[in-house]
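There are 2 protein chains.
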Amino acid sequence: MRRIGALEAGGTKMVLGVYNDQGEELARHTLPTLAPEETVPAMKAFFDAQHIDALGIGSFGPLDLHPESPTYGYITSTPKLKWRNVPLLHSLVGDSGIPCAIDTDVNAAVLAEAECGAAKGMKDAVYLTIGTGIGGGVLSGGNLVHGILHPELGHMLLRPHPDDPNPKGVCPYHNGCGEGLAAGPAIGARVGGDAKNLPDDHPTFIIEADYLAQMCVNLILTVSPQRIILGGGVMQRQALFPLIRRRTQELLGGYVQSPAVLEHMDEYIVPPALFPVSGLVGAYLLGKRALEAEK
Amino acid sequence: MRRIGALEAGGTKMVLGVYNDQGEELARHTLPTLAPEETVPAMKAFFDAQHIDALGIGSFGPLDLHPESPTYGYITSTPKLKWRNVPLLHSLVGDSGIPCAIDTDVNAAVLAEAECGAAKGMKDAVYLTIGTGIGGGVLSGGNLVHGILHPELGHMLLRPHPDDPNPKGVCPYHNGCGEGLAAGPAIGARVGGDAKNLPDDHPTFIIEADYLAQMCVNLILTVSPQRIILGGGVMQRQALFPLIRRRTQELLGGYVQSPAVLEHMDEYIVPPALFPVSGLVGAYLLGKRALEAEK
Numbered sequence: 001m002r003r004i005g006a007l008e009a010g011g012t013k014m015v016l017g018v019y020n021d022q023g024e025e026l027a028r029h030t031l032p033t034l035a036p037e038e039t040v041p042a043m044k045a046f047f048d049a050q051h052i053d054a055l056g057i058g059s060f061g062p063l064d065l066h067p068e069s070p071t072y073g074y075i076t077s078t079p080k081l082k083w084r085n086v087p088l089l090h091s092l093v094g095d096s097g098i099p100c101a102i103d104t105d106v107n108a109a110v111l112a113e114a115e116c117g118a119a120k121g122m123k124d125a126v127y128l129t130i131g132t133g134i135g136g137g138v139l140s141g142g143n144l145v146h147g148i149l150h151p152e153l154g155h156m157l158l159r160p161h162p163d164d165p166n167p168k169g170v171c172p173y174h175n176g177c178g179e180g181l182a183a184g185p186a187i188g189a190r191v192g193g194d195a196k197n198l199p200d201d202h203p204t205f206i207i208e209a210d211y212l213a214q215m216c217v218n219l220i221l222t223v224s225p226q227r228i229i230l231g232g233g234v235m236q237r238q239a240l241f242p243l244i245r246r247r248t249q250e251l252l253g254g255y256v257q258s259p260a261v262l263e264h265m266d267e268y269i270v271p272p273a274l275f276p277v278s279g280l281v282g283a284y285l286l287g288k289r290a291l292e293a294e295k
Numbered sequence: 296m297r298r299i300g301a302l303e304a305g306g307t308k309m310v311l312g313v314y315n316d317q318g319e320e321l322a323r324h325t326l327p328t329l330a331p332e333e334t335v336p337a338m339k340a341f342f343d344a345q346h347i348d349a350l351g352i353g354s355f356g357p358l359d360l361h362p363e364s365p366t367y368g369y370i371t372s373t374p375k376l377k378w379r380n381v382p383l384l385h386s387l388v389g390d391s392g393i394p395c396a397i398d399t400d401v402n403a404a405v406l407a408e409a410e411c412g413a414a415k416g417m418k419d420a421v422y423l424t425i426g427t428g429i430g431g432g433v434l435s436g437g438n439l440v441h442g443i444l445h446p447e448l449g450h451m452l453l454r455p456h457p458d459d460p461n462p463k464g465v466c467p468y469h470n471g472c473g474e475g476l477a478a479g480p481a482i483g484a485r486v487g488g489d490a491k492n493l494p495d496d497h498p499t500f501i502i503e504a505d506y507l508a509q510m511c512v513n514l515i516l517t518v519s520p521q522r523i524i525l526g527g528g529v530m531q532r533q534a535l536f537p538l539i540r541r542r543t544q545e546l547l548g549g550y551v552q553s554p555a556v557l558e559h560m561d562e563y564i565v566p567p568a569l570f571p572v573s574g575l576v577g578a579y580l581l582g583k584r585a586l587e588a589e590k
C-alpha cells in the first residue's frame, strides 16, 4: 500500500493529510501558518514521520508552476511577505526523489470537485472561492489551466453596479476588479461593517450577485465550463445562489444556446460538494497522479 | 501521399484547400457563401473531385462540437438564418467514413498560429479577430477549449469607457459586450460613419484600445496565455497595437508578475503571422490530426 501526502497550504492554516491509494484518509494534521522557518520544518517532520511515497500540494499563490523553471514550486510574489520566494515544494520533498506535484489551492479544488464532487465526471469546470479574497481554478478538457502563470480569476475587471456607493472597490492593484468589488472586505466596506448579520434581502446582495454573475458570464464565454462551483465564506449565504443564477441568465441574454445555462441553471452554478476539504482532496489527487505518472 | 481537405467556412465566403500530409497546398478554391442548398453541394463536388482522404473544417458558429451529440458538426443558432441547423460536417463527408474534424474558425486559427505562426510552439494562446464581429479561440495546455459550447470571447462584458458616447454598444444580445463596443460597427456608430479614413490619433482609438485591453486582461487572468494574437479588419490599423499593449499593462497594475506581460509586451500582444489563412491552415491541421488519430 502506498502512502500519499497532501498539503493544502493556506494563509492562516496548513492542512496536512495522508491517504492510501484508494483515497482513504490515514492521518490529518493542522498547523497555523506562521513564518516559513517555523512552519515548513514542522510540516516536513509530519510528512517524514508518515513515510509518504508521494506528495501533492495545493497552495495559496502566486506560484511558479513551470517544471523547467529554477524556481518551480516556489510561492512567488505573494502579499504574505514572509512567504515570498519560499521553495515550498522542494523544502518538503528535499532530495528524497518521491513523486510530487504542486498547483494552486483553487486548481486543486476544481480537480477534486471534478473527480468526486459537485462536477463529478466533468472535464470542464470552474471553482471560485469568495472569501477574504477571490480565487479561482479552471479545469479545461480535463487539464488544469496554467499558461504564463495560472488563473487569477479574482482580479477580472468588472463593471460597476449603478447602485454601488464604492464602485472602484478595495483592491490595491485594480480599479474595480472582482476581488475589490465582491470579496468579503468589499461587502464590509460597502455596508460599513460586518455583513454577516444583514438579512438576505438587504440590497447589498443584489450588487454582490451582479458582480459574481458578471464573473460567471465572462467565464462561460471564455472557458465554457460544464459547471461553476462557488465556495468560500461569502457563499455560505445560500440566498446568493438564486440571485447569481438569475442575474447570470439575464446578462447572458440567451446568447449561449446550451441547455446547461438556459434550462438547468440550478445545477449549473452550485456550491462545492467537498467543502471544506476540496483543496486537501485535490492535493491528494495531485500526489496520486504524480505517483501514477512515475510508474 | 494522403490528401487532406480543409474548409474555412465564413459568412461571406468559403475557402477550400487541399494539402498533402507535409502541409503543401495542392489546390485552393473560393466560393461565395450563398444559401446552403447551393453552396454545400458545390463544396462537396470540389472535395469529391479532389479525392480527399480526410477533412478538417473551421467554421463560423455557434457549432455543436460534442462528438456524442446527434447534431455533432452542425452550425446551430447562428444569426445567418439560412445556415441555422445545417449539418455542415456530415453533408460534406456523408457516409464516406473518411477521418474528419470540425471546430470554430477561431479555434482553427489559434491552432494554426500555435503550430506554425505567431505563437509557434506554445501550448497556451488566444486568437481574437476584431472585424464586423469579434470572435476568439483558445488553446489551453495544447488543447482547443470546448466545454458546454466553445469560447465566445466577443461577448465578454466590458465596462464602459468614460468618454464613450455610446456606452451600451450595438450588440442586440448584450448591454456593453466586447462585440457591441469594439467591433467595426461599434466604432462606426461611435464616430457616425466609416472609421477607415480617421487618423491614427483620433480619440476613438483610445476608447477602442481600452476595450480590447480589457478583453486581454480578462483573458490573461482566466487562461493565462503565452501569447495573444489580434487579427481581423479592425486590427489592420497597426497603431492600435501599442495603445492596447500599454493599456493592458496599466489595467493589470503589475499584478501578474510574469516577464511576458511586465517586460515583453511587444511580443505578447501581436498580429497573426498567417493572415489571411490562419483559419484555413487550422482547418488543414484539424484534418491532419483526424487522419493521424485513425492510424
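Those protein sequences? They're chains L and C, same order as listed.
Under this note's numbering, the first residue of the first sequence carries the number 1, and numbering increases by one thereafter.
Under this note's numbering, the first residue of the second sequence carries the number 296, and numbering increases by one thereafter.
Note that the Cβ used here is the ideal one computed from N, Cα and C, for glycine as well.
Pairwise C-alpha distance: residue j and residue i
i	j	result
residue 395 (chain C)	residue 355 (chain C)	17 Å
residue 380 (chain C)	residue 562 (chain C)	40 Å
residue 327 (chain C)	residue 375 (chain C)	14 Å
residue 573 (chain C)	residue 320 (chain C)	14 Å
residue 44 (chain L)	residue 131 (chain L)	28 Å
residue 539 (chain C)	residue 263 (chain L)	38 Å
residue 140 (chain L)	residue 214 (chain L)	20 Å
residue 138 (chain L)	residue 269 (chain L)	14 Å
residue 310 (chain C)	residue 401 (chain C)	14 Å
residue 556 (chain C)	residue 517 (chain C)	14 Å
residue 549 (chain C)	residue 42 (chain L)	34 Å
residue 46 (chain L)	residue 98 (chain L)	16 Å
residue 526 (chain C)	residue 66 (chain L)	29 Å
residue 469 (chain C)	residue 369 (chain C)	25 Å
residue 212 (chain L)	residue 422 (chain C)	26 Å
residue 503 (chain C)	residue 477 (chain C)	6 Å
residue 58 (chain L)	residue 442 (chain C)	24 Å
residue 295 (chain L)	residue 164 (chain L)	55 Å
The ligand NAP heavy atom lying under 8 Å from the CB of residue i
i	result
residue 161 (chain L)	Ligands in the displayed structure: none, and consequently the ligand NAP is not present.
Inter-residue CB distance, residue i and residue j (contact presumed, cutoff 8 Å)
i	j	result
residue 578 (chain C)	residue 302 (chain C)	6 Å
residue 569 (chain C)	residue 430 (chain C)	The pair is not a contact, with the Cβ atoms about 16 Å apart (cut-off 8 Å).
residue 218 (chain L)	residue 156 (chain L)	6 Å
residue 111 (chain L)	residue 144 (chain L)	6 Å
residue 290 (chain L)	residue 54 (chain L)	5 Å
residue 158 (chain L)	residue 177 (chain L)	7 Å
residue 17 (chain L)	residue 251 (chain L)	About 39 Å; that fails the 8 Å criterion.
residue 259 (chain L)	residue 229 (chain L)	At roughly 19 Å, the Cβ-Cβ gap does not stay under 8 Å, so residue 259 (chain L) and residue 229 (chain L) are not in contact.
For residue i, three-class secondary structure by DSSP
i	result
residue 208 (chain L)	helix
residue 253 (chain L)	coil
residue 347 (chain C)	coil
residue 303 (chain C)	strand
residue 490 (chain C)	coil
residue 25 (chain L)	strand
residue 377 (chain C)	helix
residue 95 (chain L)	coil
residue 309 (chain C)	strand
residue 258 (chain L)	coil
residue 496 (chain C)	coil
residue 572 (chain C)	coil
residue 232 (chain L)	coil
residue 3 (chain L)	strand
residue 561 (chain C)	helix
residue 315 (chain C)	strand
residue 478 (chain C)	coil
residue 237 (chain L)	coil
residue 73 (chain L)	coil
residue 287 (chain L)	helix
residue 508 (chain C)	helix
residue 30 (chain L)	strand
**Study point:** Contact set between the region 217-240 of chain L and chain C, restricted to residues whose Cβ is under 8 Å from the partner
**Key:** 217, 218, 219, 220, 221, 222, 223, 224, 225, 226
Point to revise | Entirely enclosed beta strand (DSSP E) segments - the region 408-468 of chain C, minimum 3 residues | key: 420-425, 429-435
Point to revise | Interface residues of the region 153-166 of chain L facing chain C [CB-CB below 9 Å] | key: 153, 154, 155, 156, 157, 158, 159, 160
Exercise for review: Closer than 9 Å, Cβ to Cβ, to anything on chain L: give me those residues from the region 432-448 of chain C, in chain order.
Suggested key: Taking 9 Å as the Cβ-Cβ cut-off against chain L, the residues of the region 432-448 of chain C that qualify are 433, 435, 436, 437, 438, 439, 440, 441, 442, 443, 444, 445, 446, 447, 448.
Practice item. Determine which residues of the region 71-90 of chain L have a Cβ less than 8 Å from any Cβ of chain C, and write them out in chain order. Key: 76, 77
Check your understanding: Mind listing which residues of the region 388-405 of chain C have their C-beta closer than 7 Å to chain L's C-betas, in chain order?
Key -> none
Exercise for review: With 7 Å as the C-beta to C-beta threshold (strictly closer), list the residues of the region 182-194 of chain L near chain C in chain order.
Suggested key: Using a CB distance below 7 Å, no part of the region 182-194 of chain L faces chain C.
Check your understanding: If you measure beta-carbon to beta-carbon, which residues of the region 540-556 of chain C are closer than 9 Å to chain L?
Key -> Residues of the region 540-556 of chain C that bring their beta carbon within less than 9 Å of a beta carbon in chain L comprise 546, 547, 548, 549, 550, 551, 552, 553, 554, 555, 556, in sequence order.
Practice item. Give the residues from the region 418-431 of chain C that approach chain L closer than 7 Å (Cβ to any Cβ), ordered along the chain. Key: 419
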